[in-house]
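K.L.:
My questions all concern the structure below.
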Amino acid sequence: MLRMESVRKTFGETVVLRDVDLDVPQHTVTALIGASGSGKSTLLRCANLLEEIDDGAIWLDGEEITDPRADADAVRRRIGVVFQAYNLFPHMTVLENVTLAPRRVHGVPREKAEEEARGLLERLGLGAKATEYPDRLSGGQQQRAAIVRALAVRPRLLLLDEITAALDPELVGEVLDVVRDLKGEGMTMVLATHEMSFAREVADQVCFLDGGVVLERGAPEAVFEDPQEERTRKFLRRIV
Ligand code: ADP
Ligand code: MG
5 MLRMESVRKT FGETVVLRDV DLDVPQHTVT ALIGASGSGK STLLRCANLL EEIDDGAIWL
65 DGEEITDPRA DADAVRRRIG VVFQAYNLFP HMTVLENVTL APRRVHGVPR EKAEEEARGL
125 LERLGLGAKA TEYPDRLSGG QQQRAAIVRA LAVRPRLLLL DEITAALDPE LVGEVLDVVR
185 DLKGEGMTMV LATHEMSFAR EVADQVCFLD GGVVLERGAP EAVFEDPQEE RTRKFLRRIV
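At position 191 of the sequence shown the residue is numbered 195 (this note's numbering), and the sequence of numbers has no breaks.
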């Protein structure tokens, strides 16, 4: 569903991604792990065309989205993104947040958008929060609402960038439960995470990024239990 080939991304003199290859089959979960600054967020931002790559190519559903002739807005409409924090517009209710893109970008009539949004909110345990403003929600509820908002446009692919990193530990579980459920429904996801036990449980493929290079990749059992690279071993020793 998503393919990156020899992707290179620089900021000025700094090479942030070098020759990154990535293959994300449909209905699979890919976990990106690696130290802070290793390039996880940049990789996700490139996949969503929030950053322009310097070299290489990216395909979504067989279409080369890094082709200058590709319609970047149309590409972004097929990808849902959730960041670490501040995903929701504070001056809008949860329901307004969730229905914004379906109504404005996809032209879904208000009534239908709200009906679908309420269904999704219900499913993620936020049925009672539809008319609340974000600051009345816990961090975990806000992130779940942000996931609902990303899902509201029925994305083909979901990119999740450390969505539990800003949460109090007791709120992490409820957000990870949602990701677990989405995996059960076959949603294709790429997630950057520091939650190693979660990555191990939920991912079909784990990629260890080190200095902008995918240094090691494989099934979670292979990467976590039998890492081939010394730097992977060092990283895992430090973090686990
Ligand atoms: P991670 O998400 O793994 O922590 P990032 O992708 O955020 O890593 O960052 C990778 C590197 O790219 C870091 O060295 C960071 O400082 C640099 N970087 C990220 N965004 C920018 C930017 N907009 N301008 C300059 N450097 C950046
Ligand atoms: Mg990051």
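Where a beta carbon is used, it is the ideal one built from N, C-alpha and C, also for glycine.
In this structure, how does DSSP classify Ala61 when only helix, strand and coil are distinguished?
P.N.:
Sequence index remark: in the sequence shown, residue 61 carries index 57 (1-based). Three-state result, Ala61: strand.
K.L.:
Whose beta carbon lies closer than 5 Å to any heavy atom of the ligand ADP, going through the chain in order?
P.N.:
In chain order, the qualifying residues are Phe15, Val20, Ser40, Gly41, Ser42, Gly43, Lys44, Ser45 and Thr46.
K.L.:
Can you tell me whether Ala196 sits near the ligand MG, meaning its C-beta is under 8 Å from at least one heavy atom of the ligand?
P.N.:
For the purposes of this step, residue 196 is taken as the residue at position 192 of the sequence shown. Yes, Cβ of Ala196 sits closer than 8 Å to a heavy atom of the ligand MG.
K.L.:
Taking 9 Å as the CB-CB cut-off, is Val102 touching chain B?
P.N.:
Absent from the structure is chain B; it holds one protein chain and no more.
K.L.:
Would you kindly report the start and end of the unbroken beta strand (DSSP E) that includes Thr14?
P.N.:
Taking the first residue of the sequence shown as position 1, residue 14 is located at position 10. Residues Leu6 to Phe15.
K.L.:
Rounded to the nearest angstrom, how far is the Cβ of Leu92 from that of Gln146, given a contact under 8 Å?
P.N.:
Within the sequence shown, numbered from 1, the residue matching residue 92 stands at position 88. Within the sequence shown, numbered from 1, the residue matching residue 146 stands at position 142. The pair is a contact, with the Cβ atoms about 6 Å apart (cut-off 8 Å).
K.L.:
For Leu186, which of Arg127, Ala196, Ser142 and Glu174 has the nearest alpha-carbon?
P.N.:
Here the question's residue 186 lines up with position 182 in the sequence shown. Leu186 has its Cα closest to that of Arg127, out of Arg127, Ala196, Ser142 and Glu174.
K.L.:
With 16 as the cutoff for other CB atoms within 10 Å, does Pro72 come out buried or exposed?
P.N.:
Indexing the sequence shown from 1 puts residue 72 at position 68. Its Cβ having fewer than 16 others within 10 Å, Pro72 is exposed.
K.L.:
Going by C-alpha distance, which of Val152, Pro159, Ser142 and Phe87 is nearest His110?
P.N.:
Within the sequence shown, residue 110 is the residue found at index 106, counting from 1. Among Val152, Pro159, Ser142 and Phe87, the Cα nearest to that of His110 is on Pro159.
K.L.:
Note down, in chain order, each residue of its chain lying with its Cβ closer than 8 Å to the Cβ of Ala76, except the 5 sequence neighbours on either side.
P.N.:
Here residue 76 corresponds to residue number 72 of the sequence shown, with the count starting at 1. Hits under 8 Å: Leu53 and Ile69.
K.L.:
Give me the DSSP bridge partner(s) of Gln209.
P.N.:
Taking the sequence shown and counting its residues from 1, one reaches residue 209 at position 205. DSSP output for Gln209 lists Thr34 as bridge partner(s).
K.L.:
Count the other C-beta atoms from every protein chain shown that fall within 10 angstroms of the C-beta of Lys238, then say buried if there are 16 or more, exposed otherwise.
P.N.:
Counted from its first residue, the sequence shown places residue 238 at position 234. By the 10 Å Cβ count, Lys238 comes out exposed.
K.L.:
Are the beta-carbon atoms belonging to Ala203 and Ile37 less than 9 Å from one another?
P.N.:
Here residue 203 refers to the residue found at position 199 when the sequence shown is read from its first residue. Here residue 37 refers to the residue found at position 33 when the sequence shown is read from its first residue. Against a cut-off of 9 Å, the Cβ pair of Ile37 and Ala203 comes out as a contact.
K.L.:
Along the beta strand (DSSP E) that carries Asp77, what are the first and last residues, could you check?
P.N.:
Your numbering for residue 77 matches position 73 in the sequence shown. Careful: Asp77 lies outside any beta strand (DSSP E), inside the alpha helix (DSSP H) at Ala76 to Arg80.
K.L.:
Under a Cβ-count criterion, where at least 16 other Cβ atoms within 10 Å of its own Cβ denotes burial, should Lys13 be classed as buried or exposed?
P.N.:
Numbered from its first residue, the sequence shown carries residue 13 at position 9. Buried.
K.L.:
Spatial neighbours of Glu9 within its chain, please: CB distance less than 7 Å, with the 5 preceding and 5 following residues excluded, ordered by chain position.
P.N.:
Translated into the one-based positions of the sequence shown, residue 9 becomes position 5. Closer than 7 Å at Cβ, skipping near neighbours: Asp25, Gly60 and Ala61.
K.L.:
Could you tell me how far apart the beta carbons of Thr34 and Ala207 are, in whole angstroms, since I believe they sit closer than 8 Å?
P.N.:
Mapped onto the sequence shown, residue 34 falls at position 30. Mapped onto the sequence shown, residue 207 falls at position 203. Confirmed, Cβ separation roughly 6 Å.
K.L.:
Could you spell out where the alpha helix (DSSP H) holding Leu219 opens and where it closes?
P.N.:
Mapped onto the sequence shown, residue 219 falls at position 215. Not the alpha helix (DSSP H): Leu219 falls in the beta strand (DSSP E), residues Val217 to Gly222.
K.L.:
Measuring only from the beta carbon, is Asp65 closer than 8 Å to any heavy atom that is part of the ligand MG?
P.N.:
Along the sequence shown, read from residue 1 onward, the residue named residue 65 stands at position 61. It does not: the Cβ of Asp65 is nowhere closer than 8 Å to a heavy atom of the ligand MG.
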